[in-house]
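Using my numbering, the first residue of the sequence shown is number 6, and each one after it goes up by one.
The beta-carbon is built from N, C-alpha and C at its ideal position, and this holds for glycine as well.
As structure tokens, the structure follows; a few thoughts come after it.
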Amino acid sequence: MKHSFRGLIALVSSLIALALLGGCDTNTRMSTFDTKGPIAEAQLDLFMVTVWVSLFIFVLVGAVYIVAMFKFRERKDDDRPLPVQGHGNPLIEIGLIGASILLLVIVAVPTLRAIWYTHDFPVTEESKLGAWYQGEGLSAAEEDQPLTIRVEGYQWWWGFAYPQLGITSANELIIPAGKAIRLELRSKDVIHSFWLPRIAGKVDLIPGRSNGMWIQAGDSIEDWQAKTDATGSDEELRVAYASYLQDEIHNYYYGQCAEYCGDSHARMLFRASVVSDDEFTSWVSEIKTGHQAPNDMAWEDWYATNDESPDKLTGDINEGLQLFMSRGKCATCHAVNGNPRAVGVAGPNLTKLASRQSVASGWLNHRAEDGSVDVEQQYANFFKWIKEPNTVKPGNLMWKANGGGIGELDELLTDDEIHKISLYLQTLK
Ligand code: CUA
């Protein structure tokens with residue numbers, strides 16, 4: 006009897022341990038313990054304070070409980086009288102109240118400090134756009150500001166607008182390493198929550214309201230210098246700091262909506278690429294320019310041909326674009342920069358879609374191990390997403406367009422048509 010009871014305990018505890026270990030993942034793109042930047046670091050520090058305080062209470066209360074349990078338990082043939090029952094000991098009562106208040110203060114002070122820190126944008130010279138952004142078209146006032154990104158939550162995807170730079174992107178956030186960035190968080194429908202675990206989180210996106218926070222991937226040069234005790238001339242420090250950003254911070258991170266927002270909340274992911282200043286500048290300019298029509302045709306010519314004799318536009322890519330603009334009704338909701346007639350705003354902006362490493366708001370991944378785009382996987386993902394969006398992301402609006410409701414198609418797209426649209430989308434690099 007005793008033996009089988011022990012066996013049962015062993016079995017149950019190993020099952021619990023196994024279940025807990027199941028939460029571990031060697032992929033740490035989402036770990037809150039491996040922080041890359043001051044906000045996530047402040048949040049981790051705060052978390053550890055509460056962990057230690059809770060652990061202290063747990064151990065203390067647990068120890069008293071166990072001692073009492075063993076010391077005062079009833080033994081066989083016990084003839085000891087009941088111990089004297091205590092009641093109303095002011096010393097103990099006031100002591101416990103005082104200790105609780107003290108512990109709460111120990112948690113509250115760093116909590117408030119961290120809340121202020123997260124909202125208090127550090128105005129540093131290095132983060133001002135004029136100090137690092139190489140692109141053109143900024144006013145003097147804008148050069149004096151830090152980069153602002155407007156994060157917009159939709160069911161179930163993310164819009165990322167860069168108002169000072171005049172561009173909009175979606176689902177993959179591109180940010181420069183080491184710069185403090187102001188985030189404006191808004192929602193177009195229900196409440197979502199922005200969470201990029203290794204860099205910053207979580208602040209809600211609330212309809213009709215603009216929330217703010219700041220993020221920074223990697224330490225500022227001062228913080229980095231203080232942590233590493235690096236010494237040398239200004240020039241040497243700058244070089245060493247640049248290689249810190251390049252080697253430790255330049256990377257690809259996962260984000261996730263952290264507030265339940267409907268059917269596909271769990272599939273409302275996003276990705277963040279932390280890049281160098283130069284990469285950021287050229288990315289912005291590519292987004293601004295957008296895309297030419299197939300075969301490098303000017304859009305004017307392409308549309309003139311398409312309006313007069315569409316059969317002259319031959320090949321899968323041209324036909325894919327025709328389907329994108331007409332029968333597929335894709336351009337009703339999606340914009341492709343450059344294309345003057347694809348200016349929809351209800352869905353994600355698709356400029357440079359084929360350079361993104363995932364589709365369907367981070368849910369269908371086609372990033373290869375080495376960081377490049379796996380072209381075959383990308384084709385498969387585009388095809389799957391267009392053919393059965395409601396399986397990939399239940400409840401989303403694209404499916405409504407494809408099956409009844411908003412912008413209902415007269416007839417569903419055939420596999421051949423989806424094939425051509427996918428090929429066209431793959432040219433948006
Ligand atoms: Cu958006 Cu959960």
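Restricting attention to L242, Q327 and N401, the CA atom closest to the CA of S269 is found in N401. Spanning the alpha carbons of T129 and A298 requires a straight line of approximately 42 Å. Shown in chain order are the residues whose CB sits closer than 6 Å to a heavy atom of the ligand CUA: G158, W161, H197, C262, E264, Y265, C266, H270 and M273. Annotation note: the region 111-145 contains no uninterrupted beta strand (DSSP E) run of length 3 or greater. Between F388 and S427, the C-beta gap is smaller than 8 Å, which places the two residues in contact. N386 and K207 have their C-alpha atoms roughly 29 Å apart. Your pair A175 and F126 does not check out as a contact, with CB atoms roughly 25 Å apart and the cut at 8 Å. By the 16-neighbour rule on beta-carbons within 10 angstroms, P353 is buried. Under the DSSP assignment, L430 falls in the alpha helix (DSSP H) whose first and last residues are D420 to Q431. F77 is positioned such that its CB atom lies closer than 8 Å to that of P88. For L274 against W390, the beta-carbon gap comes to about 14 Å, at or over 8 Å, which does not count as contact. Residue range I172 to A175 is occupied by the beta strand (DSSP E) that includes S174. DSSP places N216 inside the beta strand (DSSP E), whose first and last residues are N216 to I220. If one requires a minimum length of 4 residues, the alpha helix (DSSP H) runs lying completely within the region 173-245 are 226-233, in chain order. For Q261, the uninterrupted beta strand (DSSP E) segment begins and ends at N256 to Q261. With at least 16 other beta carbons inside 10 angstroms of its own, N344 counts as buried. Residues R276 and R361 of the same chain have their beta carbon placed closer than 6 Å to that of E177, with the five preceding and five following residues left out of the count. Contiguous beta strand (DSSP E) elements confined to the region 261-292 occur at 274-280, taking only those with 3 or more residues. In this structure, the CA atom of I292 is about 7 Å from the CA atom of K357. Put simply, of I196, E240, E189 and G142 the residue whose alpha carbon is nearest the alpha carbon of G217 is E189. R155 sits in a strand when the DSSP states are folded into three classes.
For D375, the closest C-alpha among the options T337, G320 and Y257 is that of Y257.
The beta-carbon distance between R272 and D39, rounded to whole angstroms, is 24 Å. This is too long to meet the 8 Å contact definition. Looking at the DSSP output, G164 shares a beta bridge with E157 and A175. If you draw a straight line from the Cα of Q48 to the Cα of R80, it is about 50 Å long. In this structure, the CA atom of M53 is about 15 Å from the CA atom of P43.
A straight line joining the alpha-carbon of D421 with that of W307 spans about 22 Å. Residue state for S314 is assigned as coil, using DSSP reduced to three classes. Check the Cα spacing between S377 and each of N323, L355, S278 and T319: the tightest is with S278. Judged by DSSP in its simplified three-state form, M302 adopts strand.
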